[in-house]
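Chemist: Letter 772 of the first sequence, counting from 1, is numbered 992 in the numbering used here, and no numbers are missing. For every residue, glycine included, the Cβ atom is placed at its ideal position computed from N, Cα and C. Just so you know, these numbers come straight off a predicted model, no measurement behind them.
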Amino acid sequence: MKNLMLPKAYEPAEVEEKWYRFWEEQGLFRAEETSDASAYSIVIPPPNVTGDLHMGHALNNTLQDILCRYRRMQGDNVLWMPGTDHAGIATQNVVERRLTEEGLDRHDLGREKFIERVWQWRELYGGKIINQLKRLGASCDWSRERFTMDEGLSKAVRLVFVTLYHEGLIYRGQRIISWCPRCITALANLEVEAEEIPGQLYHIRYPFPDGSGGLVVVTTRPETMLGDTGVAVHPEDERYREFVGKTVMLPLLNRELPVIADEYVEMNFGSGTLKVTPAHDPHDFEIGQRHELPPIKVMDDQGVMNKEAGPYMGLGRYECREKIVADLREQGFLVKTEDYQHRVGHCYRCKTIIEPTLSEQWFVSVKQIAEASMAAVREGKTRIIPEMWEKNYFDWLENIEDWCISRQIWWGHRIPAWYCKDCGEVIVALEEPQECSRCNSNNLVQDSDVLDTWFSSALWPFSTLGWPEKTPELETFYPTSVLVTAFDILFFWVARMMMMGLHFMKDVPFRDVYIHALVRDAEGMKMSKSKGNVIDPLIIMDRYGTDAFRFTLAAFAAQGRDIRLSEERIGGYRHFVNKIWNASRFTLMNLEGVMAAAPLPEPQRLADRWMLSRLQEIFAKVNEALESYHFNDAASLIYQFTWHEFCDWYLEMVKPVLYGENDKEREETQQLLLYGLSSVLRLLHPFMPYVTEELWHHLPNSQGSIMVADFPKPNESIIDREAEEQMAVVMEVTTAIRNIRGEMNIAPAAQVDAVVFGPDSLTSTVQAYGHYIEDLARLSSLKLQRDGKRPKVAASAVVGELELFVPLEGVLDFREESQRLQKEISKLEPELARSKKKLANQEFLDRAPDEVVAKEREKFDRLADKLNKLQKQLERLTKISKEG
RNA sequence: AGGCACGUAGCUCAGGGGGAGAGCACUACCUUGACGCGGUAGGGGUCUGGGGUUCAAAUCCCCACGUGCCUACCA
């Protein structure tokens, strides 16, 4: 026997932990690698092990959980594959900060010990975000949890590297790359964030060899001049043509620089002369190659000037800049400086200004595999939703440059390449080679670099399923059904998964990519710790409960728009959770003696017929919304129905039956009420897993977990248009009487009479269902008349073709009532005028579709009739008030 | 510089060629046997501005203004 008594208010903290444990213990999150049921799979965007659950995670994982729970309730074999990302630079930074606190740095420990420390750290704190995801209710199959540095995943990484290398798609080369002098590593272009900052444009005179005149170059980074090996002008620039082939002198270092002509130079920028620093600028590097200007690196890997900087050696790059500017000024080479706003690259991990530097790194040649990735989307093998993101996806892939994948850090997948110290051979292999394949030397050293974190993330959809083994998991769950993510990692991650998936699995990694919003603060700023504007989801869950929080996220998740989270709105949905709780409480306390196994009775009464019919429509719409990732539509449909139809109307209409003497009616109603509540709970479960599970277990007819109950599907045969139309009349009449009561200040406890005039077709409905109106509008009597004398001293209203009177002999305030009628009339008049004008327009009649015209005629007639009736009521009132 | 969004009630936001919507906030009334985290009723918007297409525009197109984001090698 289930407990039908509920506490008065829902206390989330008490039930959330209980049910999460229950789900895990019952194995309800587990996917079957072999099953006949249709498979549905999602791989989680693996959060960084260093991470704390933030709003972005909360939204991302709530949406995934909604989809997974929805599909599971439909009977699908659902796999939500969880895991975490080793997050190379980010994690290394965190552990290094700890070492700093101990007064150490990683070099004190050495590579091996340092990596050990990182693993220890991960052992202690890496599970934190997993627990936070559980708190959120995430129904991942935790028995399959993966980590990007797991043995299996690491093996996949090595195999991919080796394969691409032998296919010629991975190569090693000297390039200008983006270098972070704080993290002391190369970065991919994508990992550099350009930010506009104020700076200076320095105009510097490079004199002719005899010390006279010279050419004026312009730069924002004067310290790089120490690495200049030429000065370039545009070949068609008349001003400088005579100097091409001659030389100028580099100030401070007194190096002779050739003046060369190159089309890259913009004649209109600055002086039209460009200093060429091949080792510290990507374009200068290219110019240098075209004109055989040697690159000279003037900085070391920490941004400190090296011996090539001569007297400036040992200075930090910005110290050096100041010193150089001062020296130039002193020696008369600084022509002028001006303020200049420009965009400068910053490290996406530590925000340090990056230094473009010539360096030898590993690259993936991506043009060819990018092409396949575009084709897959173009051909519809993968859909990107909302569609507008497709354009970004294509734009990026079309302009893609080779991907720099080597990082000079210690935490990550070591590059599987060995160098022979004797003959220089490069050996790329899955396992450490015993000897050089060319000279048989065993004097081999492994490349000290590790791979970009995103290299392993790119394999996530198949590496987590066991690749390169041919596993039943891969067979069943690849390609995955949908990838749910925010657009900020569309390039970092989604595009690269497409490339790797297509290349190694010969199939797309996911059928759909659903791109959701970014969560911003109330001012529309991206939430970040440095801005101090973060709202901590864990605090929110403490304060409002997880269900209210999740529902809010879903309600905000409209396609194609960012979310500005407002705490008030979460509060609003906490009220909704409480409303559901209390609707259930009411239902349960009226289910005493209900037959748990009874079949659903054929509904007889209007309220039941209407509620059942409306439910079918809600089922259809909610299913449709979830199928198409319209989470907010689904949420608001359920909200509106539950609160404003089920609670506001149905529960009220059902009370007299529940409290009445008729056992048969009561028993039927109990069954239908139970069905209604059960339906609402099942609709809500994907959004609000905890409260629905708790309530589910109180329902007399529930079995097991709501997680595996059927998600409601519409049954067309239950839709009852007639009931809905009749119910509309009941609702409108009730509202009209309540309006009169409210506006006339009739005490809520006081009962009044009402008289309704109108055609038989309508009054018969009012007659048949008058008991509902009497009850809901607190009437002592409801009389019906086809025609005849209207009551004299009465407040009145018009509802469709019905005229409605509330006699108020002795209490009616004539002025107030006539004002009320006047207000109604003045609302109607402009609407009627607009309709009239429309119907007078011949072109409208000719060109608009017939049904639109017919609808407009109907509307006009309805409005005119209503206005006419209201005016008569007003006239009558005025006359009576004068007589009285 | 280009591209993409967005500008709807005081606030946060849905909607999207033919009746302006929700939540919160606001006003009045209410200890009606689920809920005051409640109920009933109510006030509030030339849908940023200007053009255009259309019988019809908040909705489609163009321009302007504003906001946000993304991409880019004028040093």
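(1) Secondary structure at aspartate 305, three-state DSSP: helix, strand or coil?
(2) Could you spell out the range, first to last residue, of the alpha helix (DSSP H) harbouring phenylalanine 977?
(3) Which residue wins for smallest C-alpha separation from glycine 896, given the options Thr955, Pro514, Trp830 and Tyr849?
(4) Which residues mark the beginning and the end of the beta strand (DSSP E) in which arginine 425 is found?
(5) In the stretch 425 to 511, which residue ranges form an unbroken beta strand (DSSP E) of at least 3 residues, counting only runs that do not cross its ends?
(6) Taking a contact to mean a Cβ-Cβ separation below 7 Å, would you say lysine 1003 touches valine 972 in this structure?
(7) Among Gly465, Asp448 and Gly492, which has the Cα closest to the Cα of leucine 473?
(8) For leucine 671 and isoleucine 264, I'd like the C-alpha separation in whole angstroms.
(9) Reducing DSSP to helix, strand and coil, say where leucine 1004 ends up.
(10) Using 7 Å as the threshold, is the C-beta distance between alanine 678 and methionine 717 below it?
(11) According to DSSP, alanine 259 sits in a beta bridge with which residue or residues?
(12) Of the choices Trp399, Leu1059 and Ile938, whose alpha-carbon is the least far from that of proline 502?
(13) Going by DSSP, name the residue or residues bridged to histidine 566.
(14) Taking the alpha-carbon positions, what's the lysine 587 to proline 729 distance?
(15) In terms of residues, what are the limits of the beta strand (DSSP E) holding glutamine 394?
(16) Do glutamine 923 and isoleucine 985 come within 7 Å of each other at the CB atom, strictly closer than that value?
(17) In angstroms with no decimal places, state the Cα-to-Cα distance between tyrosine 734 and leucine 871.
(18) Should isoleucine 629 and threonine 368 be called a contact, given that it needs their Cβ atoms to be closer than 7 Å?
(19) Grab the span of the alpha helix (DSSP H) containing histidine 327 for me, first residue to last.
(20) Provide the residue span of the beta strand (DSSP E) that contains isoleucine 605, from first to last.
(21) So, under 8 Å CB-CB, isoleucine 396 and leucine 578 are touching, yes? Tell me the CB distance rounded to an integer number of Å.
(22) Opposite proline 1027 in the DSSP bridges: which residues?
(23) Below 7 Å between beta carbons: does that hold for alanine 997 and isoleucine 957?
(24) With three or more beta-carbon pairs closer than 8 Å as the criterion, would you say the stretch 264 to 277 touches the stretch 350 to 369?
(25) For the alpha helix (DSSP H) that glutamine 666 lies in, which residues bound it at each end?
(26) Determine the burial state of methionine 809: buried for a count of at least 16 other Cβ atoms within 10 Å of its Cβ, exposed for fewer.
(27) Which residue spans inside the stretch 696 to 746 form an unbroken beta strand (DSSP E) run of at least 3?
(28) Nearest to leucine 487 by CA position, among His454, Trp243 and Gln1039, is which residue?
(29) On the CB-based measure, 16 or more other CB atoms within 10 Å of its CB, does tyrosine 484 come out buried or exposed?
(30) Tell me, to the nearest whole angstrom, how far the beta carbon of proline 636 is from that of leucine 617; I am working on the premise that it is less than 8 Å.
(31) Checking 7 Å against the spacing of the C-beta atoms, do valine 555 and histidine 423 come in under that value?
(32) The alpha helix (DSSP H) spanning tryptophan 616 covers which residue range?
(33) Considering only C-alpha positions, which residue in the set Tyr230, Glu387, Met519 and Asp559 is nearest to glutamate 575?
(34) Could you tell me which residues DSSP puts in a beta bridge with asparagine 268?
(35) Report buried or exposed for asparagine 663, applying the criterion of at least 16 other Cβ atoms within 10 angstroms of its Cβ.
(36) Nearest to tryptophan 680 by alpha carbon, out of Leu224, Thr1098 and Pro266?
Modeler: This is what the structure gives:
(1) strand
(2) Not the alpha helix (DSSP H): phenylalanine 977 falls in the beta strand (DSSP E), residues 972 to 977.
(3) Trp830
(4) 412 to 426
(5) 435 to 439, 450 to 453, 467 to 470, 475 to 481 and 493 to 496
(6) no
(7) Asp448
(8) 21 Å
(9) strand
(10) yes
(11) Asn297
(12) Trp399
(13) Glu413 and Ile573
(14) 19 Å
(15) 390 to 400
(16) This sequence places threonine at residue 985; isoleucine is not what is there. No; because the gap between Cβ atoms is not below 7 Å, this pair is not in contact.
(17) 38 Å
(18) no
(19) 326 to 329
(20) 603 to 605
(21) 6 Å
(22) Ala1014
(23) yes
(24) yes
(25) Per DSSP, glutamine 666 belongs to no alpha helix (DSSP H); it is in the beta strand (DSSP E), 664 to 666.
(26) exposed
(27) 700 to 706 and 730 to 736
(28) Here residue 487 is methionine; the residue named in the question, leucine, does not match the sequence. That would be His454, whose Cα lies nearest to the Cα of methionine 487.
(29) exposed
(30) Rounded, the Cβ-Cβ distance is 27 Å, inconsistent with contact.
(31) yes
(32) 608 to 618
(33) Met519
(34) Asp305
(35) exposed
(36) Pro266
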